[in-house]
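Working notes for the structure below.
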Amino acid sequence: MTMLKQASGADSVTPSDRKAVIVGGGEAYRAEQGSDYLPGISAETVGAKALWLGVVTMPPGKRTKAHVHARHETAFYMLSGEELEMWSGDELQFRDVVHPGDYLYIPANVLHVAVNRASAPAIFIGARNEPTAQESVVLFPEMDGRIP
Numbered sequence: 000m001t002m003l004k005q006a007s008g009a010d011s012v013t014p015s016d017r018k019a020v021i022v023g024g025g026e027a028y029r030a031e032q033g034s035d036y037l038p039g040i041s042a043e044t045v046g047a048k049a050l051w052l053g054v055v056t057m058p059p060g061k062r063t064k065a066h067v068h069a070r071h072e073t074a075f076y077m078l079s080g081e082e083l084e085m086w087s088g089d090e091l092q093f094r095d096v097v098h099p100g101d102y103l104y105i106p107a108n109v110l111h112v113a114v115n116r117a118s119a120p121a122i123f124i125g126a127r128n129e130p131t132a133q134e135s136v137v138l139f140p141e142m143d144g145r146i147p
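In numbering that gives the first Met the number 0, the protein residues as written are 0 to 147.
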């Protein structure tokens, strides 16, 4: 059995290295669907093959565009904020409310829209089984008007 060793940063890691990696995270970006992402573990930061882990923020008064993640599952844990509306389903007919301390699971290919009507940012730790920065997002602009 090979023991893993801790590395000092992602810049010293190549795919053939057999060690753990500690990173400060990658560059923040606004995702195509409208939320703000701060990647920690990703293809871009450490060469991850099947995992993305980071912080996702929905600013106050903002919402995502209607979209699906065609090839991956997503899991979130709400760290802070007031609440976030999660609309999902083929017709965006289901409305759930996420609060700090709640976990949220979005299966692959599930249409959804996140809405933050509160006055504080909704901040999540998120993970998905797709390592790239702008994963397999497919937008559904014809569905955006369904959410008030």
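Glycine included, C-beta positions come from ideal geometry on N, C-alpha and C.
The structure displayed is predicted, hence computed values, not measured ones.
Could you work out which residue in the options is closest to residue i when comparing CA atoms only?
i: residue 47; options: 38, 33 and 55; result: 38
i: residue 134; options: 27, 57, 73 and 101; result: 73
i: residue 57; options: 43, 44, 42 and 36; result: 36
i: residue 93; options: 112, 17 and 53; result: 112
Nearest-angstrom Cα distance between residue i and residue j?
i: residue 126; j: residue 140; result: 25 Å
i: residue 68; j: residue 107; result: 6 Å
i: residue 29; j: residue 144; result: 21 Å
i: residue 97; j: residue 78; result: 11 Å
i: residue 75; j: residue 49; result: 17 Å
i: residue 5; j: residue 45; result: Reliability fails at residue 5, whose pLDDT of 40 lies under 50, so the model's placement of it is uncertain and the value that follows must be treated cautiously. Cα-Cα distance, rounded: 13 Å.
i: residue 91; j: residue 101; result: 21 Å
i: residue 17; j: residue 40; result: 16 Å
At the 7 Å Cβ level, is residue i part of the contact set with chain B, yes or no?
i: residue 58; result: The structure shown has no chain B; it contains just one protein chain.
How many whole angstroms separate the CB atoms of residue i and residue j, which I take to be in contact at a CB cut-off of 8 Å?
i: residue 66; j: residue 129; result: Actually they are not in contact, since the Cβ atoms of residue 66 and residue 129 sit about 14 Å apart, beyond 8 Å.
i: residue 80; j: residue 117; result: 6 Å
i: residue 51; j: residue 146; result: About 25 Å separates the two Cβ atoms, so there is no contact after all.
i: residue 142; j: residue 110; result: 7 Å
For residue i versus residue j, is the C-beta distance shorter than 7 Å?
i: residue 123; j: residue 22; result: no
i: residue 62; j: residue 114; result: yes
i: residue 33; j: residue 64; result: yes
i: residue 59; j: residue 119; result: yes
i: residue 27; j: residue 131; result: no
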